[in-house]
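Enquirer:
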């Protein structure tokens with residue numbers, strides 16, 4: 001067996017199950033699960049219909065590159081969303097089965113183990129796929145703690161030059177999981193400068209890009225930032241997904257886009273990897289990327305929830321604030337985060353994720369310690385009920 005498998009740690013939700021072993025939730029309450037970022041809004045009817053209408057596609061093998069129509073729909077969406085020139089659908093876009101598998105696979109394609117001690121940089125807290133991808137690619141993860149005193153930004157000035165010299169890949173997540181922090185144009189300029197200097201690839205995880213609260217101010221994207229700064233997409237690969245945008249987590253559909261030198265090589269890797277998207281899913285994905293009305297309605301639902309729940313929870317934890325984007329509340333409780341999670345589960349039948357489970361001990365601290373993550377994915381009434389229980393409990 002690959003000895004690097006021994007480096008993998010249990011996934012946060014496995015740790016959560018272990019934490020709750022033997023805990024008996026208060027039976028007077030129905031369960032409310034705010035721990036996992038699984039969208040609960042209804043899948044739009046137009047996407048369901050498209051999937052059904054193209055179900056005959058199951059009779060055909062898909063191509064790894066995907067259909068011309070889907071890649072063109074993605075390119076058109078990126079131009080509408082970010083105001084960038086139309087992407088080359090043959091060299092700058094690949095449809096993928098959700099951003100998760102592609103985020104993992106990119107490290108396997110990018111990391112060159114013939115060079116000594118390769119490094120993959122990740123935010124901390126982070127999406128655990130980044131760490132697993134680094135280990136299984138034969139690289140060493142290096143974590144940058146994102147802290148409230150630094151507005152949850154990645155401070156690359158803290159990374160020693162000897163680490164940067166060995167860095168081959170940097171994962172960034174904007175809007176961030178769990179903080180919801182959106183990278184600014186200045187942030188991108190700094191990161192691009194470091195990429196130019198040290199030659200590392202940037203993997204920009206943008207799976208939450210379409211969940212935001214001001215229709216006039218959508219989050220800045222990596223491709224958009226490069227275009228605004230007069231750059232090409234050298235050493236930049238962006239990951240986007242329909243799961244959150246269009247409430248289709250089970251459809252497993254997204255795309256990668258960026259550097260026209262990297263994307264064809266990644267396509268070659270994926271051809272052997274065997275991860276082509278079903279033709280029926282491709283057709284439904286094309287429908288999703290071509291429609292924006294359902295996405296606007298999706299944001300309206302999240303905006304209503306966050307504007308309602310945030311002030312309610314602020315009466316319990318004063319540090320509660322609206323995120324820039326995404327659908328998480330990253331709450332600094334100033335208490336033991338596992339103890340808070342147990343209390344909410346036992347006494348109020350509410351499931352949240354301890355912040356320390358989303359982070360690693362790095363540079364002397366666990367930056368998730370004392371935080372809890374709440375995913376406001378349940379319907380408004382359930383979220384209100386949960387907030388009321390928490391108010392009563394505290």
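In my numbering, the protein residues as written are 1 to 394.
Even for Gly, the Cβ is constructed at its ideal location relative to N, Cα and C.
Measuring only the C-alpha atoms, how far is residue 105 from residue 74?
Expert: Against the chain shown, residue 105 aligns to sequence position 105. Against the chain shown, residue 74 aligns to sequence position 74. Near 20 Å, if we compare the C-alpha coordinates of residue 74 and residue 105.
Enquirer: Please go through the region 228-265 and give each complete alpha helix (DSSP H) segment of 4 or more residues, from N-terminal end onward.
Expert: Those alpha helix (DSSP H) runs which fall completely within the region 228-265 and span 4+ residues are 242-246.
Enquirer: Who pairs with residue 140 in a beta bridge, going by DSSP?
Expert: One-based indexing of the chain shown puts residue 140 at position 140. Beta-bridge pairing links residue 140 to 119.
Enquirer: Between which two residues does the alpha helix (DSSP H) containing residue 388 stretch?
Expert: The count along the chain shown starts at 1 and reaches residue 388 at position 388. 380-393 is the extent of the alpha helix (DSSP H) around residue 388.
Enquirer: In the DSSP output, what is residue 20 paired with across the bridge?
Expert: Residue mapping note: residue 20 aligns to position 20 of the chain shown, counting from 1. Its beta-bridge partners do not exist; DSSP assigns none.
Enquirer: Exposed or buried, which one is residue 125 when buried takes at least 16 other CB atoms within 10 Å?
Expert: The sequence position of residue 125 within the chain shown is 125, counting from 1. It is buried - the Cβ of residue 125 has at least 16 other Cβ atoms within 10 Å.
Enquirer: Out of 47, 42, 43, 4, which one is the CA nearest neighbour of residue 286?
Expert: Against the chain shown, residue 286 aligns to sequence position 286. Among 47, 42, 43, 4, the Cα nearest to that of residue 286 is on 47.
Enquirer: Look at the Cβ atom of residue 211, then the Cβ atom of residue 253, and state whether they are nearer than 8 Å.
Expert: Taking the first residue of the chain shown as position 1, residue 211 is located at position 211. Taking the first residue of the chain shown as position 1, residue 253 is located at position 253. Cβ atoms of residue 211 and residue 253: not closer than 8 Å.
Enquirer: At the 8 Å Cβ level, is residue 258 part of the contact set with chain B, yes or no?
Expert: The structure shown contains no chain B, having only a single protein chain.
Enquirer: Report the three-state DSSP secondary structure of residue 312 (helix, strand or coil).
Expert: Taking the first residue of the chain shown as position 1, residue 312 is located at position 312. Three-state DSSP puts residue 312 in a helix.
Enquirer: Since residue 137 contacts residue 121 with CB under 8 Å, what's their CB separation in whole angstroms?
Expert: Working through the chain shown from its first residue, we reach residue 137 at position 137. Working through the chain shown from its first residue, we reach residue 121 at position 121. About 13 Å separates the two Cβ atoms, so there is no contact after all.
Enquirer: Compare the C-alpha of residue 245 against each of 291, 60, 204, 268 and name the closest.
Expert: Position 245 of the chain shown holds residue 245. Among 291, 60, 204, 268, the Cα nearest to that of residue 245 is on 291.
Enquirer: Provide the residue span of the alpha helix (DSSP H) that contains residue 78, from first to last.
Expert: One-based indexing of the chain shown puts residue 78 at position 78. Segment 68-82, the alpha helix (DSSP H) holding residue 78.
Enquirer: Report all residues from its chain with a CB closer than 6 Å to the CB of residue 71; omit the five preceding and five following residues, and keep chain order.
Expert: For the purposes of this step, residue 71 is taken as residue 71 along the chain shown, with counting starting at 1. Result list for residue 71: 89, 93, in chain order.
Enquirer: Quick one: grab the DSSP three-state call for residue 167.
Expert: The residue you call residue 167 lines up with position 167 of the chain shown. The answer is strand: DSSP assigns residue 167 an E or B state.
Enquirer: Whose CA, out of 356, 390, 388, lies closest to the CA of residue 10?
Expert: Position 10 of the chain shown, counted from the first residue, corresponds to residue 10. Ranking the options by Cα distance to residue 10, first place goes to 356.
Enquirer: In three-state terms, what does DSSP make of residue 150?
Expert: Reading the chain shown from its first residue, position 150 is the one you call residue 150. If DSSP states are grouped into helix, strand and coil, residue 150 belongs with the helices.
Enquirer: Could you tell me whether the region 316-329 touches the region 5-20, using the rule of 3 or more Cβ pairs below 8 Å?
Expert: Touching, no, given that fewer than three Cβ pairs across the two stretches are closer than 8 Å.
Enquirer: Once DSSP output is grouped into helix, strand and coil, what is the label at residue 289?
Expert: Your numbering for residue 289 matches position 289 in the chain shown. Three-state result, residue 289: helix.
Enquirer: Helix or strand or just coil, what does DSSP make of residue 198?
Expert: Locating residue 198 in the chain shown gives position 198, counting from the first residue. Three-state result, residue 198: helix.
Enquirer: Could you name the residues of the same chain whose beta carbon sits closer than 7 Å to that of residue 186, not counting the 5 residues immediately before and after it, in chain order?
Expert: Numbered from its first residue, the chain shown carries residue 186 at position 186. Once the five neighbours on either side are set aside, residue 186 has no close Cβ partner at all.
Enquirer: By how many angstroms is the C-alpha of residue 54 removed from the C-alpha of residue 159?
Expert: Translated into the one-based positions of the chain shown, residue 159 becomes position 159. Translated into the one-based positions of the chain shown, residue 54 becomes position 54. Between residue 159 and residue 54, the C-alpha separation is close to 49 Å.
Enquirer: So residue 351 and residue 33 are in contact, right, with Cβ under 8 Å, and what is the actual spacing, rounded?
Expert: In the chain shown, the residue the question calls residue 351 occupies position 351. In the chain shown, the residue the question calls residue 33 occupies position 33. So it is a contact: roughly 5 Å between Cβ atoms.
Enquirer: In chain order, what residues of the same chain lie with their CB nearer than 7 Å to the CB of residue 334, ignoring the 5 residues before and after it?
Expert: Numbered from its first residue, the chain shown carries residue 334 at position 334. Only 370 meet the Cβ criterion.
Enquirer: How would you write the range of the beta strand (DSSP E) that residue 93 sits in, first residue to last?
Expert: As a position in the chain shown, residue 93 is number 93, starting the count at 1. That run of the beta strand (DSSP E) goes 93-96.
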